[in-house]
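Each residue of the sequence shown is one higher than the one before, starting from -4 at the first, in my numbering. Virtual Cβ for every residue (Gly too), placed ideally from N, Cα, C. Written out below as structure tokens is the structure these notes cover.
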Amino acid sequence: MKKNSVQVSVVMPNYNAGKYISEAIESVLNQDFDNFEFIIVDDGSTDESREIIGSYARQDNRIIFLQNPKNLGIAPSLNRAIKIAKGEYIARMDSDDKAHKDWLKTVYTKIISDSRLGVCGTNLNIVDTDGKIKYLKEYPRTNQECRNTIGMRNPFAHNSVIIRKEVLEKVGYYDNDMLFAEDFDLWIRIGQYYTFYNIQEFLINYRIYEKNSICIHQKEMIRSTLRVRKKAIKLGYKIGIFGRVFYFGTWCAQFMPSKWVLGIFNFIYTKKNTF
């Protein structure tokens, strides 16, 4: 890969995803798109992740392998990768998920077509530990639809997006103080200057399992989401009556059993129950 050929920098943080990381790495390396580098940040893993990543890095010079001395969190890990990225566009990938072969090409083609577009994502296939599809998760398509849903949900699947690097340089990087919902916080800052879009294709397999962060840190994620929605209101986003109802419902979810919350989450965001 020539140095000046890098258009996209794929950044992938990892923490103890050794069971699935090979599949994630190979799904990126096998993309129908050539002009990218692949920055993987291991965030203090204690499993076999580092050895697996190191093995791939030695075999493929597109991979840049960074290692944090201790667990710092997603936001600091992403910021570390972005600051050394050569690409004009930053693509996000998670270490326990799988990208379809045309993910990068499809999203990149869309985002370069409109200079006003700051973030572009896709829909998700929600899969189990074996990669079997459990249900489909759709996201709002147009800029206005994305903005209309901010009061009710995160308008993007973080692990599917491409972001213009100049956007991050303008609004600031991920907030290192946000342990969760760091992506949602970034979107509302970007939306002050740029537009949003989601391609209506299911190009990422998002894996749900017991050690997935959405299952482990459910209550903390709810509280972080509430903080971001409150911030969005202060920044002038119009939440509306349904958004306010959702805000109250989300607040109540802090006190519900985790299984109830996950069940409600799954019901609301399946393909047939999309807002």
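(Q) According to DSSP, is N193 part of a helix, a strand, or is it coil? (A) strand
Q. If we ignore side chains and look at the alpha-carbon of each, how far apart do F270 and Y192 end up?
A. Legend: pLDDT at F270 = 40, less than 50; position of this residue unreliable, value from coordinates given subsequently. Distance between the alpha carbons of F270 and Y192: 16 Å.
Q | Y103, enclosing alpha helix (DSSP H) - first and last residue | A | W98 to I106
Q: Within the same chain, show all residues whose beta-carbon is closer than 7 Å to that of F288, passing over the 5 residues directly before and after it, in chain order.
A: Residue 288 is absent from the structure shown; the chain starts at -4 and stops at 270.
Q | Delimiting residues of the alpha helix (DSSP H) encompassing N138 | A | N138 to N143
Q | Reduced DSSP category for Y272 - H, G, I as helix; E, B as strand; rest coil | A | Absent from the model: residue 272. The displayed extent of the chain is -4 to 270, so no value can be given.
**Q.** Residue range of the alpha helix (DSSP H) that includes F31
**A.** Where F31 is concerned, there is no enclosing alpha helix (DSSP H), although the beta strand (DSSP E) it sits in stretches over F31 to D37.
Q | Integer-rounded CB distance, given that Y134 should sit under 8 Å from I183 | A | Going by Cβ atoms, the distance from I183 to Y134 rounds to 15 Å, so no, they are not a contact pair.
(Q) Would the stretch 113 to 130 count as touching the stretch 197 to 206 if we require 3 or more Cβ pairs under 8 Å? (A) yes
Q. What does a CB cutoff of less than 6 Å around R136 pick up in its chain, not counting 5 residues either side in sequence?
A. N193 and Q195
Q) Is DSSP giving N9 helix, strand or coil here? A) strand
Q. Going along the chain, which residues of its own chain have a beta-carbon closer than 7 Å to the beta-carbon of I58, five neighbours each way excluded?
A. F33, I35, Y51 and A52
Q) Can you check whether the CB of F179 is closer than 8 Å to the CB of T117? A) no
Q) Between which two residues does the beta strand (DSSP E) containing G186 stretch? A) That residue, G186, is in no beta strand (DSSP E); it is neither H nor E in DSSP.
(Q) Could you give the first and the last residue of the continuous beta strand (DSSP E) run that contains V1? (A) Careful: V1 lies outside any beta strand (DSSP E) and carries neither H nor E.
Q. Based on Cα-Cα distance, which residue from R159, M173 and A227 lies nearest to G82?
A. R159
Q) Do you know how far the Cα of A152 is from the Cα of D170? A) 18 Å
Q | Residues near K105 by beta carbon distance below 8 Å, same chain, minus five either side | A | L112, C115, Y192 and I194
Q: Use the C-beta contact count for Y10: other C-beta atoms within 10 angstroms, 16 or more gives buried, fewer gives exposed.
A: buried
**Q.** Exposure label - S110; buried when at least 16 CB within 10 Å
**A.** exposed
Q | Close beta carbons around N154, own chain, < 7 Å, minus the five adjacent residues each side | A | R87, M88, D89, D92, I199 and Y201
Q: Could you give the DSSP three-state label for R224: helix, strand or coil?
A: helix
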